[in-house]
Amino acid sequence: MRGLVPGVVAFTLIAGFVHAAEEPNTLTIYSSRQAHLIEPVLDLYTEQTGVAFNLHTGKPGPLLERLSANGEDGDILLTVDAGNLWHAAQRGLFSVLGSETLTRSVPAALRDPEGQWFGFSRRVRTIAYNTQATSPEELSTYEALVEPQWKGRLCLRTSKKVYNQSLTATLIAHHGEEKAEEIVRGWVANLAMAPFSNDTKALKAVASGQCDVTVVNSYYFGRLMREEPDLPLDLFWSNQEDRGVHVNISGGGVLKNARHPAAARAFLEWLSQGEAQGLFAELNQEFPVNPEIPAVPEVQVWGEFKADSLNLSETGRLQAAAVQLMDRAGWR
Ligand code: FE
39 MRGLVPGVVA FTLIAGFVHA AEEPNTLTIY SSRQAHLIEP VLDLYTEQTG
89 VAFNLHTGKP GPLLERLSAN GEDGDILLTV DAGNLWHAAQ RGLFSVLGSE
139 TLTRSVPAAL RDPEGQWFGF SRRVRTIAYN TQATSPEELS TYEALVEPQW
189 KGRLCLRTSK KVYNQSLTAT LIAHHGEEKA EEIVRGWVAN LAMAPFSNDT
239 KALKAVASGQ CDVTVVNSYY FGRLMREEPD LPLDLFWSNQ EDRGVHVNIS
289 GGGVLKNARH PAAARAFLEW LSQGEAQGLF AELNQEFPVN PEIPAVPEVQ
339 VWGEFKADSL NLSETGRLQA AAVQLMDRAG WR
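If you count by the numbering used here, then the sequence shown holds residues 39 to 370, one letter each, in order.
Shown next, in the form of structure tokens:
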């Protein structure tokens with residue numbers, strides 16, 4: 039018996055060492071970005087590196103609840119909108135990534151100043167209009183949608199969606215709460231009908247002439263026009279003469295409880311560059327975050343734009359104030 043013990047100890051040590059030094063063969067990702075918008079990217083990584091993935095998808099809210107409640111041992115969290123990423127960071131789900139590659143690849147406005155989360159694709163939340171009912175000459179800014187000329191011509195999505203909460207948070211950041219509330223009240227006063235449950239319904243209402251303008255994420259416009267290219271719809275880049283249009287992200291970070299933190303970080307670094315960066319954006323008709331990577335031609339035809347340079351962590355910090363403001367202003 040006594041002779042066996044050192045042998046067992048030695049075996050355990052060697053096995054432990056081999057395990058630690060080994061590349062993990064599977065990374066676990068929690069994602070509120072839909073599976074079909076990420077799987078081709080994961081497949082490409084597996085092909086290039088041999089690293090496989092366990093992908094769990096779900097809605098942002100429940101996913102964050104699940105991760106914070108019992109510290110599931112995932113490696114990476116991907117989600118949409120900086121408002122959600124900010125919440126994940128507030129709950130202490132992410133580790134801090136001091137990654138030079140990520141800092142270089144992702145512009146400062148599109149990542150957490152503390153290095154907990156990073157954007158991997160950009161979507162523009164801007165004005166969409168009916169090309170038969172109005173023209174770009176009539177359009178200028180989000181703020182100008184309060185003008186009397188838009189009375190009964192504006193459609194909006196519900197204020198319950200984080201996309202609108204983030205947009206409203208940028209109004210607070212730029213104008214202060216009082217002025218921001220005035221703007222939102224002006225929008226509500228100009229509504230043609232009750233807010234819609236999603237951007238596509240708002241776009242269809244504009245296309246059918248129930249209203250003339252709305253505010254949507256650019257990829258919903260892209261998706262609808264791919265299905266129905268003859269719709270009388272176009273995008274207008276808002277606020278080009280002043281701060282620039284509101285751009286948000288889908289993004290992510292490495293989870294604090296990651297079993298493979300180094301490999302998880304290596305994957306995110308890969309995602310922020312080159313072919314992966316282009317593919318990740320292309321899958322959802324989005325814009326790459328990395329300025330070295332061009333958008334695909336079908337997105338490029340929407341034209342160049344100036345983006346608001348406000349750091350997106352502000353949309354999280356001001357989200358609670360935005361939600362209360364929208365409620366006070368009657369945006370349902
Ligand atoms: Fe979306």
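C-beta: ideal position from N, C-alpha, C; glycine also.
query	result
Where does glutamate 244 fall in DSSP's three states?	Inspection of the sequence shows that residue 244 is occupied by valine rather than by glutamate. Note: valine 244 maps to helix in three-state DSSP.
Considering Cα atoms alone, identify which of Asp346, Ser69, Leu65, Arg370 is closest to leucine 209.	Asp346
Does the structure place the stretch 131-146 close enough to the stretch 210-227 that three or more beta carbon pairs sit under 8 Å?	no
Under 7 Å from any heavy atom of the ligand FE, does the C-beta of valine 254 make it?	no
Tell me isoleucine 165's beta-bridge partners as DSSP assigns them.	Val253, Phe274
If you measure between the beta carbons of asparagine 322 and serine 159, is that distance less than 8 Å?	yes
Is proline 361 near the ligand FE, in the sense that its beta carbon is under 7 Å from a heavy atom of that ligand?	Looking at the sequence shown, residue 361 is not proline but valine. No; taking the cut-off as 7 Å, the Cβ of valine 361 has no heavy atom of the ligand FE nearer than that.
Leaving out five residues on either side along the sequence, give the residues of the same chain with a beta carbon under 6 Å from the beta carbon of alanine 58.	Unreliable positioning characterises alanine 58 in this predicted model, as indicated by a pLDDT of 49, which lies under 50. The coordinate reading is nonetheless provided below. Cβ within range, chain order: n/a, list empty.
Tell me the rounded alpha-carbon separation between valine 46 and valine 134.	With a pLDDT of 41 at valine 46, under the threshold of 50, the predicted position of this residue should be treated as unreliable, and no value is reported.
Pick out whichever of Phe305, Leu350, Asp280 has its Cα sitting closest to the Cα of proline 62.	Phe305
How many angstroms separate the CA atom of lysine 199 from the CA atom of asparagine 295?	29 Å
Is the beta carbon of threonine 164 less than 8 Å from the beta carbon of glycine 112?	no
Examine the ligand FE and report whether any of its heavy atoms sits within less than 7 Å of the Cβ of valine 118.	yes
Looking at the secondary structure, which residues open and close the beta strand (DSSP E) in which isoleucine 210 lies?	That residue, isoleucine 210, is in no beta strand (DSSP E); its alpha helix (DSSP H) goes 200-213.
Just to confirm the assignment, what range does the alpha helix (DSSP H) spanning histidine 298 have?	Element bounds for histidine 298: n/a, residue is neither H nor E.
Use the C-beta contact count for valine 339: other C-beta atoms within 10 angstroms, 16 or more gives buried, fewer gives exposed.	exposed
Does glutamate 320 pass the burial test, meaning 16 or more other C-beta atoms within 10 Å, or should it be called exposed?	buried
Three or more C-beta pairs closer than 8 Å, one from the stretch 245-261 and one from the stretch 184-195: is that the case here?	yes
CA-CA distance, tryptophan 155 and alanine 218?	27 Å
What residue from Thr139, Thr117, Gly130 has the CA that sits closest to glycine 312's CA?	Thr139
Near alanine 333, which residues of its chain fall below 6 Å by C-beta distance, leaving aside the five closest residues on each side in sequence?	Phe325
Go ahead and label glycine 291 buried or exposed: buried means 16 or more other beta carbons lie within 10 angstroms of its beta carbon, across all protein chains shown.	buried
Given 8 Å as the limit, is there contact between the stretch 121-135 and the stretch 343-363, that is, 3 or more CB pairs closer than that?	yes
Tell me which residues share the same chain as glutamine 362 and place their Cβ nearer than 7 Å to its Cβ, disregarding the 5 neighbours each side in the sequence.	none
Is the beta carbon of alanine 166 sitting closer than 8 Å to the one on valine 254?	yes
Excluding sequence positions up to five away, which residues of its chain have a Cβ less than 8 Å from the Cβ of glutamine 187?	Glu176
On a CA-only basis, which of Val89, Pro78, Arg129 is nearest leucine 293? Give me that one, please.	Arg129
Just to confirm, are valine 162 and serine 288 a CB contact at a threshold of 8 Å?	no
Report the CB separation of methionine 364 from serine 197 in whole angstroms; it is logged as a contact under 8 Å.	4 Å
Considering only residues of the same chain and omitting the five flanking positions on each side of glutamate 60, which have a CB-CB separation below 8 Å?	Low confidence applies to glutamate 60: its pLDDT is 49, below 50, so where it sits in the model is not reliable, and the reading given next is rough at best. Excluding positions up to five away in sequence, the list is empty.
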